[in-house]
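Please read the structure below before turning to the comments.
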Amino acid sequence: MKFAVTVTLKKDVLDPQGKVVGQTLKNMGIQNLKQIRQGKFFEIEIDEKDTVKAESQVKEMCEKLLANNIIENFKISKTE
Amino acid sequence: MKSSVIVFPGSNCDRDVAVALEKLQFKNSMVWHKETELPKSDLIVVPGGFSYGDYLRSGAIAAKSNILSEVINVGKKGVLILGICNGFQILIECGLLKGALLRNAGLKFVSKDIFVKVQSNKNQFFNKYKTSGVLKLNIAHNEGNYFTDKKHLEELENNDLVPLKYCDKEGNIDLKANPNGSINNIAGIFNENKNILGMMPHPERMADKIISSEDGLGLFLSLMN
Chain A
0 MKFAVTVTLK
10 KDVLDPQGKV
20 VGQTLKNMGI
30 QNLKQIRQGK
40 FFEIEIDEKD
50 TVKAESQVKE
60 MCEKLLANNI
70 IENFKISKTE
Chain B
0 MKSSVIVFPG
10 SNCDRDVAVA
20 LEKLQFKNSM
30 VWHKETELPK
40 SDLIVVPGGF
50 SYGDYLRSGA
60 IAAKSNILSE
70 VINVGKKGVL
80 ILGICNGFQI
90 LIECGLLKGA
100 LLRNAGLKFV
110 SKDIFVKVQS
120 NKNQFFNKYK
130 TSGVLKLNIA
140 HNEGNYFTDK
150 KHLEELENND
160 LVPLKYCDKE
170 GNIDLKANPN
180 GSINNIAGIF
190 NENKNILGMM
200 PHPERMADKI
210 ISSEDGLGLF
220 LSLMN
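Same order as they appear, the protein sequences are chains A and B.
Counting with numbering that gives the first Met the number 0, you get residues 0 to 79 for the letters of the first sequence.
Counting with numbering that gives the first Met the number 0, you get residues 0 to 224 for the letters of the second sequence.
In structure tokens, the structure reads:
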């Protein structure tokens, strides 16, 4: 079973990299750009047929290692 | 005093700390991260460097290593723990200290001498310094921008849990003297019991007059008190 996980900084946390990327895009002429936030993306494949079990395992991975709950949010979606 | 310095792949300030400790006659052991038991220690140092190449987040992988579960155990029992730079990041990632260390606000790796002001000497780590004393220490990091929520920040400030703040040469704590965007100019924090200290500046780099100064030596002397 495959999952896609995105980890992004919480709304109140300063994202200096996102800011620089956003400014560069504006400099390149994209004037209607409102906001950009940079994050991380993980593709996860696990050997498990039970969707509920697999999902809770991925959630645990996020909580324990992939994301830092103090500054980051994560979003899990099943891809296969 | 017995001390242990934890060594990870990518640690690079481990030997500097050992030299400073041994200079003061600490009986020091170097402990590889795969070990599951700690030698009996009064002080544990989690040194600076780039453990696991800063993969995922600085300190995140090291925080899950074998020896860290032991460090967490003894830390909760009151053993003194000092995390310097990457060691501070590791102590945060393993939950012994609260908050987060974000990328420097200026987006650059900052390596330079800075000044910090001792906020309080009523603790085990700074009792050889004067409160409000200004120290010249060295920093070298990319993720030293301390951040925490409002409630925890108040707890830190109201309970003397911020022993060091970035300042200028005269001791003024302001934005100009803040090298990385850290909230309230915080350079180091304690846990609630003040037996665990995390700090971004490197005291071990200022422990000998021949190469720099002795501004950092007082911290190790304080620990012996």
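Using N, Cα and C, we set each Cβ at its ideal position, and we do this for glycine too.
For the ligand SAM, any of its heavy atoms closer than 7 Å to the Cβ of residue i?
| i | result |
| --- | --- |
| residue 2(B) | This structure simply doesn't include the ligand SAM, nor any ligand for that matter. |
Using only alpha-carbon positions, find the residue among the options that is nearest to residue i.
| i | options | result |
| --- | --- | --- |
| residue 101(B) | 72(B), 80(B), 55(B) and 133(B) | 55(B) |
| residue 135(B) | 12(B), 91(B), 217(B) and 224(B) | 217(B) |
| residue 66(B) | 110(B), 88(B) and 36(B) | 36(B) |
| residue 78(B) | 69(B), 94(B) and 129(B) | 69(B) |
| residue 46(B) | 26(B), 118(B), 196(B) and 223(B) | 196(B) |
| residue 112(B) | 133(B), 220(B), 129(B) and 119(B) | 133(B) |
| residue 52(B) | 20(B), 34(B), 75(B) and 89(B) | 89(B) |
| residue 188(B) | 43(B), 14(B) and 98(B) | 98(B) |
| residue 40(A) | 26(A), 15(A), 61(A) and 16(A) | 61(A) |
| residue 37(A) | 19(A), 48(A) and 76(A) | 19(A) |
| residue 213(B) | 82(B), 33(B), 1(B) and 128(B) | 128(B) |
| residue 34(A) | 74(A), 10(A), 3(A) and 76(A) | 10(A) |
| residue 6(A) | 23(A), 52(A), 42(A) and 48(A) | 42(A) |
| residue 182(B) | 151(B), 158(B) and 32(B) | 151(B) |
When you compare the CB positions of residue i and residue j, do they come within less than 8 Å of one another, or not?
| i | j | result |
| --- | --- | --- |
| residue 114(B) | residue 162(B) | no |
| residue 95(B) | residue 71(B) | yes |
| residue 199(B) | residue 186(B) | yes |
| residue 54(A) | residue 8(A) | no |
| residue 168(B) | residue 184(B) | no |
| residue 12(B) | residue 48(B) | yes |
| residue 32(A) | residue 24(A) | yes |
| residue 30(B) | residue 17(B) | no |
Using the rule of at least 16 other Cβ atoms within 10 Å of the residue's Cβ for burial, across every protein chain shown, is residue i buried or exposed?
| i | result |
| --- | --- |
| residue 147(B) | buried |
| residue 78(A) | exposed |
| residue 144(B) | buried |
| residue 46(A) | exposed |
| residue 28(A) | exposed |
| residue 2(B) | buried |
| residue 118(B) | buried |
Determine which residues share a DSSP beta bridge with residue i and list them.
| i | result |
| --- | --- |
| residue 112(B) | 137(B) |
| residue 186(B) | DSSP output for residue 186(B) lists no bridge partner at all. |
| residue 7(A) | 38(A) and 72(A) |
| residue 44(A) | 1(A) |
| residue 196(B) | 81(B) and 189(B) |
Would you say the stretch 60–79 of chain A touches the stretch 12–26 of chain B, given that touching needs at least three Cβ pairs under 8 Å? Judged by Cβ distances under 8 Å, the stretch 60–79 of chain A makes no contact with the stretch 12–26 of chain B, as fewer than three pairs qualify.
Scan the stretch 131–152 of chain B for residues whose Cβ lies nearer than 7 Å to a Cβ of chain D and list them as they occur along the chain. Annotation note: the requested chain D is absent from the structure, which comprises protein chains A and B.
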